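Visitor: Here the sequence shown is numbered in the numbering used here, starting from 441 and rising by one per residue. By construction, the Cβ of each residue, glycine as well, lies at the ideal position given by its N, Cα and C atoms. This one's a predicted model, so the numbers in the text were calculated from it and none came from an experiment. Supplied in structure tokens, the structure appears directly below.
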Amino acid sequence: MALKCNGLWRPELTEETKPIGELTLRTLAMPADANAAGDIFGGWVMAQMDLSCGIRAAERARGRVVTAAVKEMAFAKPVKIGDTLCVYTHIEHVGRTSITLKVEAWAQRYLSDLMERVTHADFVMVALDKDGKPTPVPPETRV
């Protein structure tokens, strides 16, 4: 199956090169997020990945979650001004109070159909109760 980021099919991506997980967030890389060379700051990309994991984990936990850890992350390619950053998440493991997600960030290049993976990492999110203490993740409900 081909990839869809902006609603268009991406037939140039194969099973080996398509993102892992569910499209969780799309956002436009703007000049305020870039250095003088036009490369987007890695911290901005990481923040978008963190937001995506927070969205996905909060849905699964049916409540508040926080980031507990980010495992090894390296940037393979830069994100440039005008690129659309597409963040994909996959819940890898649900523990008693934690949720581990695989997350990939892909850049849809400006005015192009080209999609390139720019980075990936594992994020560990922890479910919290109303007092900010770790709380069990409820069982998954089937719809």
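Quick one: which unbroken beta strand (DSSP E) runs of 3-plus residues sit fully inside the stretch 494-582? Chain order, please.
Guide: Whole beta strand (DSSP E) segments, 3+ residues: 505-510, 524-534, 538-548 and 555-567.
Visitor: Within this structure, are the beta carbons of Thr540 and Pro574 separated by less than 8 angstroms?
Guide: Position 100 of the sequence shown, counted from the first residue, corresponds to residue 540. Position 134 of the sequence shown, counted from the first residue, corresponds to residue 574. No, Cβ-Cβ distance for Thr540 and Pro574 is not below 8 angstroms.
Visitor: In this structure, what does DSSP give as the bridge partners for Asp490?
Guide: Within the sequence shown, numbered from 1, the residue matching residue 490 stands at position 50. According to DSSP, which records beta bridges pairwise, Asp490 is partnered with nothing at all.
Visitor: Suppose you measure from the CA of Tyr550 to the CA of Ala469; what does that come to, to the nearest Å?
Guide: If you number the sequence shown from 1, residue 550 lands on position 110. If you number the sequence shown from 1, residue 469 lands on position 29. Near 10 angstroms, if we compare the C-alpha coordinates of Ala469 and Tyr550.
Visitor: Near Asp523, which residues of its chain fall below 7 angstroms by C-beta distance, leaving aside the five closest residues on each side in sequence?
Guide: Within the sequence shown, residue 523 is the residue found at index 83, counting from 1. Counting only Cβ-Cβ distances below 7 angstroms, and skipping sequence neighbours, we find Ala469, Ala547, Gln548, Arg549 and Tyr550.
Visitor: Sorted by chain position, which residues of the same chain lie with C-beta nearer than 7 angstroms to Val564's C-beta, five sequence neighbours on each side aside?
Guide: Residue 564 sits at position 124 when you count from the first residue of the sequence shown. Result list for Val564: Ala508, Ala509, Ser538 and Thr540, in chain order.
Visitor: For Ala487, which residues from the same chain have a beta carbon less than 7 angstroms from its beta carbon, with the 5 sequence-adjacent residues on both sides left out?
Guide: On the sequence shown, residue 487 is found 47 positions in, with the first residue counted as 1. Counting only Cβ-Cβ distances below 7 angstroms, and skipping sequence neighbours, we find nothing.
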